[in-house]
Amino acid sequence: MRDSSKTRSIARGPAGYPLVGNLPEFLYDKLGFLSRCAATYGDVIKLRIGEPTFLLNNPDDIKHVLVLNPDNYGKSPRMTSARGKKLSGAGLLTSVGPEHLRQRRMMQPVFYRKTVESFSRIITEGVGEMLARWVEGMELDLGCEMMGLVQRNIVKTLLGADADNDMPALLDAITIRRLYMEHVFFSPFPEWMPSRIGWRYRQAMHCIETIVTRAIQTRRARSTDTRDLLSLLLCAKYDDGTAMTDQQVRDEVVTLLVTGYETIGEALTWTSYLLSQHPAIAAKFFAEVDEVIGARPPGVEDLPKLPYLGMVLAESMRLYPPTWIFIRIAQAEDTLPSGATIPAGSKIYLCQYVMQRHPRYFPDPERFDPERFTETAKKERPQFAYFPFGGGARVCIGEHFAKMEATLVLASIAQRFRLSLVPGQTIVPEPKMTLRPRGGVRVQVFRRRQG
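If you read the sequence shown in this note's numbering, its first letter stands for residue 271, the second for the next number, and so on.
In structure tokens, the structure reads:
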């Protein structure tokens with residue numbers, strides 16, 4: 271029998287204002303509001319943000335939603351509807367239920383560690399081209415540099431050399447799509463209202479789909495094997511031995527093109543910024559790169575030899591998780607491990623930014639401390655105190671690729687340059703589609719050794 275008194279005592283939250291509830295506070299300062307709620311009301315917080323909403327800040331409850339009872343907690347219809355698929359692609363990201371499981375099983379081998387590591391040369395060549403443009407004392411927008419790099423890398427990884435001629439058009443189209451997504455999700459005006467960005471978005475998606483369709487047709491007609499993700503997807507098989515149709519392949523490639531780069535770009539930006547602000551940590555970081563790699567280009571064989579770099583990256587993604595929140599919808603009433611009852615139809619917030627700053631699991635949570643991610647320290651925490659890539663059946667399929675790319679890029683930069691924050695900036699996180707520095711991060715680059 272359910273303990274209703276326990277339920278009422280756990281699911282507390284701010285009263286809010288008549289009619290509008292907590293919405294004004296949430297819209298004004300999402301991160302601050304959710305953080306204050308967690309600090310004040312405990313690990314299950316009831317919010318008044320439209321429909322009944324619960325912020326979960328307990329690792330066991332989060333594991334329950336993502337791993338133990340995921341069928342009861344579906345993605346928001348905003349993502350899985352026809353409109354959501356139009357915005358984010360009709361691929362793995364927006365599929366649900368048995369279709370998602372079927373698609374995931376088919377695509378998983380394409381993203382196995384050994385497979386994605388075969389694309390490491392694209393990453394090291396890309397970062398080498400970027401660094402060749404950097405000169406001593408140069409001032410640059412760190413986010414723009416990182417985002418441009420990972421955009422070019424994802425295009426080459428997916429489409430190979432065939433994309434070279436289309437690269438400028440694709441990069442412009444991908445950027446326009448990102449701007450439109452933010453316009454749709456954060457604008458007070460309805461999507462159907464005419465706007466210049468809406469017209470540009472339709473042109474951009476037509477451009478992306480045309481280029482991808484042409485690439486698929488080229489691969490089908492080519493007898494030689496091409497080692498890119500598109501070719502691997504064309505060869506992938508479902509459990510019954512059938513392959514994807516050209517339309518399905520196009521949907522998956524478009525989804526990866528428009529969603530498969532931004533989180534990595536933000537992680538690189540935040541990590542580089544944090545290193546610029548913590549010279550002792552940066553010195554240890556540089557020393558490891560110098561000892562393991564020296565002046566040669568880094569490769570996948572170096573990845574397991576750079577544990578401190580991995581700890582720095584993990585701590586950066588704890589403080590500033592690029593994917594800062596997951597939203598789920600309860601399909602039926604459910605009782606969480608903490609004892610709270612979640613009514614059917616409730617919206618569930620799983621906020622990495624808040625959970626990963628919980629002082630119970632991360633003492634002095636605002637401090638940048640990579641030592642939190644030693645093997646011993648990780649074993650002392652619940653699994654879902656830290657979940658930058660999600661978990662369960664919908665864990666990020668590109669996690670290995672993201673970690674590989676981030677490691678190779680950070681190591682390559684460290685070989686040649688240190689970054690110094692341009693004075694006069696206040697860097698604060700801005701929760702858009704991803705967590706980014708508001709207004710960007712301007713840095714100066716100074717050479718560590720001749721490349």
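Idealized CB from N, CA, C, for every residue including glycine. All values derive from a computational prediction rather than experimental measurement.
When Cβ pairs closer than 8 Å are counted between the two stretches, the region 435–442 is seen not to touch the region 563–573, the count staying below three.
Boundaries of the alpha helix (DSSP H) harbouring Arg-470: 466–491, taken from the DSSP string. Rounded to the nearest angstrom, the Cβ distance from Leu-362 to Arg-374 is 6 Å, consistent with a contact under 8 Å. Beta-bridge pairing by DSSP links Leu-691 to Val-713. Contact check for Asp-411 and Arg-712: beta-carbon distance about 6 Å, within the 8 Å limit, so the pair qualifies.
For the options Arg-708, Glu-700, Leu-691, Pro-288, the alpha carbon positioned closest to that of Phe-716 is the one of Leu-691. Annotated three-state conformation of Val-314 is strand, per DSSP. Rounded to whole angstroms, the gap between the alpha carbons of Leu-371 and Asp-509 is 11 Å. Only buried fits Trp-540, as 16 or more other CB atoms lie within 10 angstroms of its CB. Between the region 577–589 and the region 538–555, the count of Cβ pairs shorter than 8 Å is three or higher; the stretches touch. Secondary structure in the region 398–427: the beta strand (DSSP E) runs of 3 residues or longer, each lying completely within the stretch, are 409–411 in chain order. Annotation note: the region 638–694 contains the following uninterrupted beta strand (DSSP E) runs of length 3 or greater, listed N- to C-terminal: 687–691. Non-local beta-carbon contacts of Ala-513 in its own chain, meaning distances under 8 Å to residues more than five positions away in sequence, involve Leu-504, Cys-505, Ala-506, Lys-507 in chain order.
Selection Arg-422, Lys-384, Phe-381, Ser-388 evaluated against Met-400 yields Arg-422 as nearest (Cα-Cα). Ala-600: member of the beta strand (DSSP E) spanning 596–600, first to last residue. For Tyr-623, the enclosing alpha helix (DSSP H) starts and ends at 622–625. C-alpha of Pro-633 to C-alpha of Ala-655: approximately 12 Å in a straight line. Within the same chain, Cβ atoms closer than 7 Å to the Cβ of Pro-568 are found at Thr-394, Leu-678, Ala-681, Ser-682, the five residues on either side in sequence being excluded. Going by DSSP, Arg-706 is part of the beta strand (DSSP E) stretching over 705–707.
The C-beta distance from Pro-707 to Gly-413 rounds to 6 Å, short enough to meet the 8 Å contact threshold. A direct Cα-Cα distance of roughly 6 Å separates Leu-502 from Val-380.
No residue range can be given for Pro-567, since it is assigned to no alpha helix (DSSP H) and is classified by DSSP as neither H nor E. Under the three-pair Cβ rule at 8 Å, the region 476–495 does not count as touching the region 332–349. Pairwise C-beta distances place the region 623–630 out of contact with the region 599–613, as fewer than three of them are shorter than 8 Å. Thr-394 carries a helical assignment under DSSP once its states are collapsed to helix, strand and coil. C-alpha of Thr-385 to C-alpha of Leu-500: approximately 13 Å in a straight line.
By the beta-carbon neighbour count (other beta carbons within 10 angstroms, threshold 16), Gln-685 is buried. With fewer than three CB-CB distances shorter than 8 Å, the region 574–585 does not count as touching the region 520–535. Two segments are said to touch when three or more pairs of C-beta atoms, one from each, lie closer than 8 Å; by this definition the region 283–292 touches the region 307–315.
A straight line joining the alpha-carbon of Pro-549 with that of Tyr-578 spans about 15 Å. Distance from the CA of Gly-407 to the CA of Ile-697, rounded to the nearest whole angstrom, comes to 21 Å.
When the alpha-carbon of Ser-608 is set against those of Leu-289, Glu-295, Leu-293, Ile-315, the nearest one is in Ile-315.
Comparing C-alpha distances from Val-519 to each of Lys-554, Gly-511, Val-482 shows the shortest one belongs to Val-482. Nearest to Pro-294 by alpha-carbon distance, out of Asp-313, Ile-319, Gly-312, Arg-484, is Ile-319. Going by DSSP, Lys-554 is part of no beta strand (DSSP E) but of the alpha helix (DSSP H) stretching over 549–562. Taking 9 Å as the cut-off, the beta carbon of Leu-326 is found closer than this to the beta carbon of Leu-620.
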